[in-house]
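**Q**
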Amino acid sequence: MNKDVLSILVSEDEIDTITTRIAAEIDRDYADSGKKLLLLCILKGSVVFMGDLMKKITLPVEIDFMKVSSYGAGTASSGRVNILLDLHRQDLPDVDIVIVEDIIDSGRTLSYLIDYLKLKGANSVKTCTLLDKPERRDPSLVDFHPDYCGTIIPDEFVIGYGLDYDEQYRALPYVGILKPEVYTK
Ligand code: PRP
């Protein structure tokens, strides 16, 4: 185990079980859609989950990427996000999008992206997350529930399997809790 990890929260085996389950759910839900299925990875944290998940989906699937960043806490009430890398395609009315995220915290990123992609004309937009931290949600601001969820986790500082602290730890094969002394230094 990495020396900065306090404990493993979601093991490699557990992640494997999760990706197998969610891939089967997506296969089931889109089998008869008649549209193109697009997995939309939100960079950067979701890239590892996306890579494992897409290999287990048996339906024809396309992939694409967006990069977004939340506005700072001072402007949080706006609920908007900055789009740093956009999705450019002309055929969105023929596309069912599944947005793939590593983690949901406040829910602002995904609730914004759903509205944004529907406005752009997507036939449908669903959301998929490996980790969900519902404790971090304020339902009076954003009452958000993902369509596909790997596992619910407590409000801990998690890293690994795509998730970072200061751009480190993304390559760990499991999700771990970061030792507090690492980020309180
Ligand atoms: C994380 C995560 C989501 C967002 C969730 O990304 O991947 O995109 O934050 O937060 P929310 O539910 O409060 O909107 P982050 O900004 O850490 O970027 P990264 O994936 O590039 O590390």
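Numbering-wise (the numbering used here), the sequence shown opens with residue 2 and increments by one. Just so you know, even glycine gets a beta-carbon here, dropped at the ideal spot from N, CA and C. In this text, all values refer to a predicted model and were calculated from it rather than measured experimentally.
Expressed to the nearest angstrom, what Euclidean distance is found between the alpha-carbon atoms of D167 and L60?
**A** 36 Å
**Q** Around the C-beta of I105, are 16 or more other C-beta atoms found within 10 angstroms, so that it is buried, or is it exposed?
**A** buried
**Q** What's the gap between the Cα of K180 and the Cα of V49?
**A** 22 Å
**Q** For V183, which of V159, A172, L173 has the nearest alpha-carbon?
**A** V159
**Q** Across which residues does DSSP place Q91 in a beta bridge pair?
**A** Beta-bridge annotation (DSSP): Q91 is not paired with any residue.
**Q** Note down the Cα distance separating V101 from Y162, rounded to an integer number of angstroms.
**A** 14 Å
**Q** Check whether the Cβ of S1 lies closer than 7 Å to any heavy atom of ligand 1, and answer yes or no.
**A** Only positions 2 to 186 of the chain appear in this structure, which leaves residue 1 out of reach.
**Q** Between which two residues does the alpha helix (DSSP H) holding Y184 run?
**A** DSSP places Y184 in the uninterrupted alpha helix (DSSP H) bounded by 181-184.
**Q** At a threshold of 7 Å, does T110 count as lining ligand 1 (C-beta to nearest heavy atom)?
**A** yes
**Q** Does the beta carbon of G122 come closer than 8 Å to any beta carbon on chain D?
**A** Among the protein chains of the structure shown there is no chain D, as only one such chain exists.
**Q** Cβ atoms of T110 and V69: under 8 Å apart, would you say?
**A** yes
**Q** Could you tell me which of R137, K57, R81 sits nearest to I153, measuring between CA atoms?
**A** R137
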